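Residue numbers (the numbering used here): 74 to 846. We treat Cβ as the ideally placed atom computed from N, Cα and C, and that holds for glycine. Computed from a predicted model, the values in this text were never measured in an experiment.
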Amino acid sequence: MSGTVLDIETKQPIPNAIVKVKGSERYASTDTEGNFKIDRLCSKENTLVISCIGYADSTKEHEHDSAIHFYLTQEVTGLDEVTIQAERHKEKGTETISQVSIGKVEIISNPTQSLASTLSSQQGVTFTSTGTNVQLPVIHGLYGNRILILNNGLKHGFQNWGTDHAPEIDITAANSITLVKGAAGVRYGPEALGGAIIIEPNPLLLNDPLYVSIGMGYQTNGRGYNTNIEVGKGNKNWSYFVNGNYTKIGDRNTPKYNLTNSGKEEKAFSFGVLHHLDRFDFKIYYSFVDQNLALLRSSIASSPDAFIRAINSDEPVIVNPFSYDINEPNQLTQHHLAKAEVNWWYNEAARLTLIGGVQLNKRDEFDVRRNAELPIIDLDLITYDYQLEWKHPEWNNLDGILGIQYFSQNNDNNPGTNTTPFIPNYNTNRFSSFAIESIDFGKNTIEAGIRFDFESNDVRGRETNQDIFRDNYSFSNFTGSLGYVRQLSENSTFRTNIGTAWRTPNVAELFSFGQEGFRTTFGLLRFADTNGQLSTDEVVLLEESTVDSERGYKFINEFKTNKNGNLHNLTVYSHYIENYIFDKPLGVFGTVRGPMPAFIFDQADALFFGADYSWKKEWSEKFSSVFGFSYLWSRNIGDNEPLINQPPITTSFELQWDHGKLWELESSKLTIRPSYTFQQFQAPRTVSPESLVDGSAVITTNSEIFDFIDAPKGYFLLDLTWRFKWKSLNVGITAQNLLNTNYRDYLNEMRYFADEPGRNILFNLNYSFKTKK
């Protein structure tokens, strides 16, 4: 018997369909025209079973010698959700540098936390802060504008100086965050001297069904609440996403008292659009973040006695009942980012990428003073960033990328503050070019890169008598990196990299003058030491000073092995920085507002040496754990003294119990995380505020570095998290500082005045769904 198998809708032939005679071993498959023939049958009537992948099986009665058509219906099969996990592909220029990525699930587990807090769970990373809201990531002892933050492909343009200016990043809009722990200046630019943080928004995927995600949460400490929404869709040639976030938190509390004026309010919005053509992708992106951040009221003193009492007291001088109000001192910031990107794949292995971006950062800082409604600092920073990159096809086994970049910033003080500007107006222009190449041979990869930067600066400000001063200066520098990766075995990898990087002193390090927050600060060019006396009457020109740019040399090695359910990761590094710039205490100065701790910037050659270690163990299908340890030794080798505000030793252990399906829940996971932070044994000497106020302690600009109080004692914290999923609802319950430990953090400048927040219970709900294609 014979016949033809066709698609019932298209009437097209179906090749490779199987036609089987029921009750016998006789069968045949269709040819490219859908035809089949079966010989040597013993019965005139037979039952045929016809099957083919992608079609529903069909059973037909067939008579001998009749040639007819058989039709099959396409079958749609709904599959269970599949999760694919893999190590993120490292970008060119960072393949040989230790790095780690954080995914969406971990990011949104606590949507009210800062970028720095999100990263602090990684080994070798912590954060420095000014209170509960202003937090900056610290990588191997470096922070500020030694860590480049790449927000959607652009250097995040914000007031990145001091410890009291945090990046305005809405983490709920991030799809992934990659942390690069080595000197990545060749790939990203001068501010990647200590590392880089790469934040990527939601991917713009084609042929992606409509998805909606709605989240909301509440936290007990600060009685904070938040809500966020995200919508996206992709079809054949277009894709888009939109998201928004709102967060409000009131005064936090320690185990013993309320932290008056420690709340925050944040609003954020962003969207992205992709248009795809044959070999082109066109993308546009916009984001907006609006923040109102409170600073602890008790950090402001009104008299010498009040300052001494604030420093020495176990509790803040001012403790008021809980409130959502945000009063002075506080910071109002707004950040706009707009970006356009074009990708052209002129062949399968090569791509040209053109990126253009503009950012506007507005900052108002308010202080406790007369005319408190006027900001003490009012700044507008506009940043332009243009990049052209060529991912060239493989040539003589070389795979790499070449690029050029123009970067510009214009920072202006707005009138009306009734103060001498803390930093002057300035314009920065930077021209850069780089080339990175890698070659694979066997189990080995060698990566090398070189970069050239030329930066010019035009500065305009006022002296103490309000006369205008100007300074024009420029820097140029070559940086390079050389790395090697060896696949030691199927389970083990070794990577090593030595990289150079440089950084121009930022405008605050050079020209800062006066009060900001709880301190008074003088930049490198705003003071002189004459016979042990500090003079701030004039501004020194850069070319007439000994100030120079920072130059760093970082050697980092990583060994990773994964065998028999044990993942070990060891990173060892050394970092030598010439002309390292740091701020150090000088004394207590009287101001119109009251006495304030005084700091000056200084330069010295510094050495950093440290190690990070983690061990992940899969005990069973349900139980796993991660042990982590970080150590850093740092020194001002010029004066052979410790550096101030360096991370102490930390250790942690995380135990996960994955229940799988539990009762009516589709998934359930319980995590317990104890951690211990040691006392900083490398802290500088202590000089009491009493001796500084009464003059019994004589401190000059050349004196040995000191601190106002001893480094706080070590502390133990216990966190507990339960996450589960029920249908389309994801729920997270987290207890931070479960034991309500009373402690102070060495890297928080508010440690002079108050303890850290106590127990905090967070509840997060996230409802998400996707439509069918």
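C-alpha gap between residue i and residue j, whole angstroms
i, j, result
"N248", "E168", "21 Å"
"F790", "N434", "Rather than Phe, the amino acid found at residue 790 in this sequence is Leu. Spanning the two alpha carbons is a distance of roughly 36 Å."
"S386", "R535", "38 Å"
"D656", "I302", "41 Å"
"H465", "N416", "13 Å"
"I474", "E510", "7 Å"
"F514", "V92", "50 Å"
"S193", "P210", "7 Å"
"Y704", "K690", "21 Å"
"L583", "F681", "24 Å"
"Y646", "S174", "20 Å"
"G683", "Q404", "35 Å"
"Q85", "S801", "40 Å"
"S69", "P830", "Outside the displayed range of the chain (74 to 846) lies residue 69, so it cannot be described from this structure."
"P494", "V532", "13 Å"
"N821", "A423", "47 Å"
"N119", "N310", "50 Å"
"V612", "D540", "11 Å"
"V661", "L765", "6 Å"
"L598", "L614", "7 Å"
"Y419", "H641", "41 Å"
"H348", "A413", "12 Å"
"D354", "N280", "15 Å"
"T105", "I81", "17 Å"
"S776", "N233", "28 Å"
"D472", "Q172", "21 Å"
Residue from the options whose Cα sits closest to the Cα of residue i
i, options, result
"F231", "A581, E421, A256 and K845", "A581"
"P578", "V285, D610, I654 and E727", "I654"
"N570", "G553, T774 and E563", "G553"
"L368", "P402, G176 and W736", "P402"
"I806", "N709, E520, K742 and S622", "K742"
"I170", "K84, N713, L812 and K633", "K633"
"E438", "V431, T120 and E446", "E446"
"I87", "G701, I722 and Y144", "Y144"
"K228", "A827, G429 and K695", "G429"
"K177", "Q729, K110, L561 and I250", "I250"
"V558", "V613, I242 and E631", "E631"
"H409", "E421, W418, N815 and Y358", "Y358"
"K329", "T814, P670 and L215", "T814"
"S562", "Q752, K516 and F595", "K516"
"R503", "D526, N483, G596 and N484", "D526"
"I650", "R576, N108, E589 and P715", "R576"
"N486", "S131, T537 and P448", "P448"
"M289", "N365, N183, H648 and A265", "N183"
Pair within 9 Å by beta-carbon distance, residue i and residue j
i, j, result
"I851", "S585", "Because the chain in this structure spans residues 74 to 846, residue 851 falls outside the shown range and cannot be described."
"I287", "N837", "no"
"L278", "G307", "yes"
"N294", "N833", "yes"
"Q196", "Y788", "no"
"P240", "L188", "yes"
"A756", "I710", "no"
"T406", "R436", "yes"
"D792", "P747", "yes"
"V94", "L114", "yes"
"D780", "P658", "yes"
"Q478", "T426", "no"
"F696", "L738", "no"
"A677", "F595", "no"
"P785", "Q752", "yes"
Close beta carbons around residue i, own chain, < 6 Å, minus the five adjacent residues each side
i, result
"I391", "T333, R370 and S371"
"I322", "G295, G297, G336 and K337"
"V304", "V285 and V315"
"S360", "S343 and L410"
"T103", "V78, P88, A90 and F109"
Residues near residue i in its chain [Cβ-Cβ closer than 8 Å; skip 5 each side]
i, result
"A383", "S371, S372, A374, P389, V390, Y825 and F826"
"W468", "none"
"Y100", "I91, V92, K93, V94 and I111"
Counting only runs of 3+ residues fully inside the stretch 705-751, write out the beta strand (DSSP E) ranges in chain order. 723-731 and 740-750
List in chain order: all unbroken beta strand (DSSP E) runs of 3+ residues lying wholly within the stretch 485-568. 498-514, 517-535 and 541-560
Give, in chain order, every unbroken run of the beta strand (DSSP E) that is at least 3 residues long and sits entirely within the stretch 818-843. 833-843
Length at least 3, wholly inside the stretch 611-677: the beta strand (DSSP E) runs in chain order: Fully enclosed beta strand (DSSP E) runs of 3 or longer: 623-636 and 639-663.
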